[in-house]
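A.B. asks: Residue numbers (this note's numbering): 36 to 92. Cβ coordinates follow ideal geometry from the N, Cα and C atoms, glycine included. Because the structure is a prediction, the values reported are computed rather than measured.
1) State the CB to CB distance for the pair residue 71 and residue 81, rounded to an integer number of angstroms; the pair is presumed to be in contact (CB under 8 Å).
2) Determine the direct distance from the alpha carbon of residue 65 to that of residue 51, and round the result to whole angstroms.
3) Helix, strand or coil for residue 73? Go by DSSP, reduced to three states.
4) By DSSP, does residue 43 sit in helix, in strand, or in coil?
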């Protein structure tokens, strides 16, 4: 999935589709999790945690 074109009409040969397991794309997409976009408050909290972790090393 990570290297698979999102467009099912991508100009790929049958061999390229086989290598990319193109026939399995619907299953990969069904199991994919959307990445949550944090709001400004959560983003600041995550930045603070990350900064704290970096300073602890």
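C.D. replies: The structure says:
1) About 11 Å; that fails the 8 Å criterion.
2) Just so you know, the alpha carbons of residue 51 and residue 65 end up roughly 22 Å apart.
3) The answer is coil: DSSP assigns residue 73 none of H, G, I, E or B.
4) For residue 43, the three-state secondary structure derived from DSSP is coil.
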